[in-house]
Amino acid sequence: MTQHGAKPGRLNLISDVDGILVGQAENLDVRSGTTVIVPETRCAAGVDVRGGAPGTRDIDALEATCLVGAIDAVVLSGGSAFGLDAAGGALAWLAAQGRGFKVADAVVPIVPGAILFDLANGGDKTWGEFPPYWDLGRQAVAAAAKEFALGNAGAGLGATAGHLKGGLGSASVVTADGLQVGALVAVNAVGSPVVPGTRTLWSALYEQNGEMGSPPRTLPDGDIALDGLIKGFPGGNTTIGVIATNATLDGAQARRVAIMAHDGLARAIRPIHTPFDGDTIFCLATGTDGDAVNPEGLGAIGTLAADCMTRAVGRAMVEAESLDDLVCYRDWLAR
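Each residue of the sequence shown is one higher than the one before, counting from 8 in the working numbering.
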């Protein structure tokens with residue numbers, strides 16, 4: 008397995024990976040939403056958490072030593088701890104379709120998830136005893152398809168990144184020998200996606216085919232400032248994402264790819280993995296590309312995954328739109 012002839016897929020989305028669908032739902036009044044990544048058939052998965060304030064659901068089931076070796080969907084949601092309910096809505100819908108882990112006469116979908124904090128973005132959070140996220144999860148999984156929106160969509164609707172509006176991004180790569188790798192990310196970081204003293208995205212160097220609108224690539228005169236002011240509190244941010252590949256991986260190999268994909272975040276956001284972020288990346292392996300990979304092949308997949316994750320962050324920033332006082336990257340450039 009090589010990286011020869013690697014280029015973005017037809018849609019340049021994570022859904023360029025065979026068997027991967029994505030569904031989204033938003034509540035504009037709440038300024039929050041949910042994104043669900045759905046493999047058409049149950050598949051192997053792994054997860055790696057690097058942030059200091061994560062919010063997750065059912066990720067222990069992805070440990071290589073655990074009984075359940077496949078998942079039915081991954082849910083990324085806004086809403087902080089309230090957003091964990093979105094996985095329940097997605098799970099209920101999948102169970103009604105007969106998707107899941109069969110136990111006696113029951114079918115239990117395996118739906119891990121992660122959440123980001125968007126409770127302080129100006130939306131109406133006075134929902135009382137009935138947060139909207141169970142319904143958002145159900146609506147999102149029911150809408151799963153090959154094509155989906157970026158920017159202010161799904162889990163990226165209410166996201167912020169440093170001093171700018173964050174959002175949802177995705178990118179893919181396909182090699183000449185048929186390997187497919189894609190990334191999807193909701194960018195809600197305490198860190199900045201912009202090089203200090205410039206208007207340049209850290210991710211701009213990795214742009215393919217103008218996918219980021221050919222943003223500035225100007226570096227500052229002299230040294231890049233090393234100091235940086237972080238504002239936030241534990242649980243107040245978080246960048247969450249998913250890698251998908253058509254390679255055949257087991258759970259441990261999928262986790263290794265997720266680990267490598269975090270380096271893609273580190274190239275696109277500074278600082279990353281802080282005490283104020285809950286950065287989490289999942290990896291799904293649909294296994295439509297033949298035999299299990301060797302360590303060299305696994306390294307190639309992880310390298311492409313990291314590159315896709317960097318590009319996905321850049322696309323999230325350029326696709327995001329201003330939301331009242333939350334200014335997007337494009338509008339900031341125009342000022």
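Heads up, the beta-carbon is just placed ideally off N, CA and C, and yes, glycines get one too.
Alpha carbon of Q104 to alpha carbon of A149, nearest angstrom | 10 Å
In chain order, what residues of the same chain have a beta carbon less than 7 Å from the beta carbon of R64, not counting five sequence neighbours either side?
-> L91, A94, P119 and G120
Limits of the unbroken beta strand (DSSP E) element including C290 = T287 to A292
List the DSSP bridge partners of V110.
-> A113
Which class does P302 belong to by DSSP, given the choice of helix, strand or coil?
-> helix
Would you mind sorting N159 into buried or exposed? The rule is 16 or more other CB atoms within 10 Å of its CB.
-> buried
Give me the Cα-Cα distance between A190 and V181, rounded to the nearest whole angstrom.
-> 12 Å
Segment contact, 8 Å Cβ cut-off, at least three pairs: the stretch 313-326 with the stretch 72-92 = no
Determine the closest residue to G220 out of A211, P227 and R274, with distance taken between C-alpha atoms.
-> A211
Can you name, in chain order, every residue of its own chain whose Cβ lies under 7 Å from the Cβ of D55, other than the five neighbours on each side?
-> R262, A265, I266, H269 and I288
Does at least one heavy atom of the ligand GDP sit under 7 Å from the Cβ of R49?
-> The model on display carries no ligand, and the ligand GDP is accordingly not part of it.
Would you kindly check if the distance between the Cβ of A275 and the Cβ of N244 is under 8 Å?
-> no
Could you give the distance in angstroms between the alpha-carbon of N34 and the alpha-carbon of G229?
-> 45 Å
Would you mind giving the Cβ-Cβ distance between T246 and T225, rounded to the nearest angstrom? I have them listed as a contact below 8 Å.
-> With 8 Å as the limit, T246 and T225 do not qualify as a contact, their Cβ atoms being about 25 Å apart.
Beta-carbon proximity of V320 to G176, cut-off 8 Å | yes
Whole angstroms is fine: what's the gap from G30's alpha carbon to Y213's?
-> 26 Å
In terms of residues, what are the limits of the alpha helix (DSSP H) holding I266?
-> G258 to A275
Hey, how far is the Cα of T42 from the Cα of A273?
-> 22 Å
What's the C-alpha gap between R17 and A113?
-> 39 Å
Nearest to E154 (by Cα), restricted to the options G26, G304 and L208 | G26
Within this structure, are the beta carbons of V192 and L256 separated by less than 8 Å?
-> no
Start and end of the alpha helix (DSSP H) containing D55?
-> No alpha helix (DSSP H) holds D55; the beta strand (DSSP E) holding it covers A51 to V56.
If you draw a straight line from the C-alpha of A183 to the C-alpha of L20, how long is it?
-> 18 Å
Bridge partners of K14, per DSSP?
-> V181
Is DSSP giving I279 helix, strand or coil here?
-> coil
Give the secondary structure of L208 by DSSP, where H, G and I count as helix, E and B as strand, and everything else as coil.
-> strand
Per DSSP, what kind of secondary structure is G309 in: helix, strand or coil?
-> helix
Which residues in the same chain have their Cβ closer than 7 Å to the Cβ of R322, if we skip the five residues on either side of it in sequence?
-> L157, G176, S177, A178, E218 and M219
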